[in-house]
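Chemist: Position in the sequence shown (first residue = 1) + 34 = the numbering used here.
The C-beta atom is built at its ideal place from N, Cα and C for all residues, glycine as well.
None of the values given here were measured: they were computed from a predicted structure.
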Amino acid sequence: MSKFIFGVRSKTSANTKLSNGYTLYDWVMRKNCPPAFWARSISGEEIVTKDELEFLKNKNCKIALLFDELTENEVSSGNGKESAEKAIKAAQELGVPEDENIAIIAVIEDS
């Protein structure tokens with residue numbers, strides 16, 4: 035039998051207080067189904083914040099950072115290295131530590 039890995043990708047911060055009094059993270063956790071990771075963007079309009087990274091770290095939640103400013107044309111035209119450097123710079127600007135349980139994932143859209 036195959037085993038699935040449950041993770042969350044949200045545009046809203048995990049530490050956002052909901053109208054029901056829970057944070058988004060705690061609302062997801064209420065059924066004792068902890069996500070293996072929480073994915074948030076490091077590019078675009080609704081990016082993860084340093085406070086949210088610290089919040090997730092304190093919850094012992096692994097973090098997936100999404101760099102979603104890439105297109106297939108850009109990546110296939112030889113700009114892959116430049117795109118990776120942009121993603122790393124965005125993570126560094128947030129103060130993301132290099133030795134934590136954090137992955138940076140490139141989201142490549144159709145051109």
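I need the straight-line Cα distance from residue 125 to residue 138, nearest angstrom please.
Modeler: Working through the sequence shown from its first residue, we reach residue 125 at position 91. Working through the sequence shown from its first residue, we reach residue 138 at position 104. Taking the straight line from one Cα to the other gives about 8 Å.
Chemist: Three-state secondary structure (DSSP) at residue 101?
Modeler: Indexing the sequence shown from 1 puts residue 101 at position 67. Note: residue 101 maps to strand in three-state DSSP.
Chemist: Could you tell me the boundaries of the beta strand (DSSP E) in which residue 143 lies?
Modeler: By 1-based counting over the sequence shown, the position of residue 143 is 109. It spans 136-143 - the beta strand (DSSP E) in which residue 143 sits, taken as one unbroken run.
Chemist: Are there 16 or more other CB atoms within 10 angstroms of the CB of residue 47, so buried, or fewer, so exposed?
Modeler: Working through the sequence shown from its first residue, we reach residue 47 at position 13. Buried, because 16 or more other Cβ atoms sit within 10 Å of the Cβ of residue 47.
Chemist: Taking its Cβ as the centre, do 16 or more other Cβ atoms sit within 10 Å of residue 131, making it buried, or is it exposed?
Modeler: Along the sequence shown, one-based indexing puts residue 131 at 97. Result: exposed.
Chemist: Give the single residue among 63, 101 and 123 whose Cα lies nearest to the Cα of residue 45.
Modeler: As a first step, residue 45 must be located in the sequence shown, where it is residue number 11. Comparing Cα-Cα distances from residue 45 to each of 63, 101 and 123, the minimum goes to 101.
Chemist: In its own chain, which residues sit with a C-beta less than 8 Å from the C-beta of residue 58, not counting the 5 before and 5 after it?
Modeler: The sequence position of residue 58 within the sequence shown is 24, counting from 1. Taken in chain order, the residues that qualify are 44, 46, 47, 48, 49, 50 and 52.
Chemist: In the DSSP assignment, what residue or residues form a beta bridge with residue 37?
Modeler: As a working note, residue 37 is residue 3 in the sequence shown. DSSP, once it has assigned bridges, lists no residue as partnering residue 37.
Chemist: Just to confirm, is the Cβ distance from residue 117 to residue 108 under 8 Å?
Modeler: Translated into positions along the sequence shown, residue 117 becomes position 83. Translated into positions along the sequence shown, residue 108 becomes position 74. Cβ distance < 8 Å, so residue 117 and residue 108 count as in contact.
Chemist: So residue 66 and residue 96 are in contact, right, with Cβ under 8 Å, and what is the actual spacing, rounded?
Modeler: Against the sequence shown, residue 66 aligns to sequence position 32. Against the sequence shown, residue 96 aligns to sequence position 62. Actually they are not in contact, since the Cβ atoms of residue 66 and residue 96 sit about 18 Å apart, beyond 8 Å.
Chemist: Quick check on this structure: which residue in 56, 114 and 71 has the alpha carbon closest to the alpha carbon of residue 40?
Modeler: For the purposes of this step, residue 40 is identified with residue 6 of the sequence shown, where counting begins at 1. It is 71.
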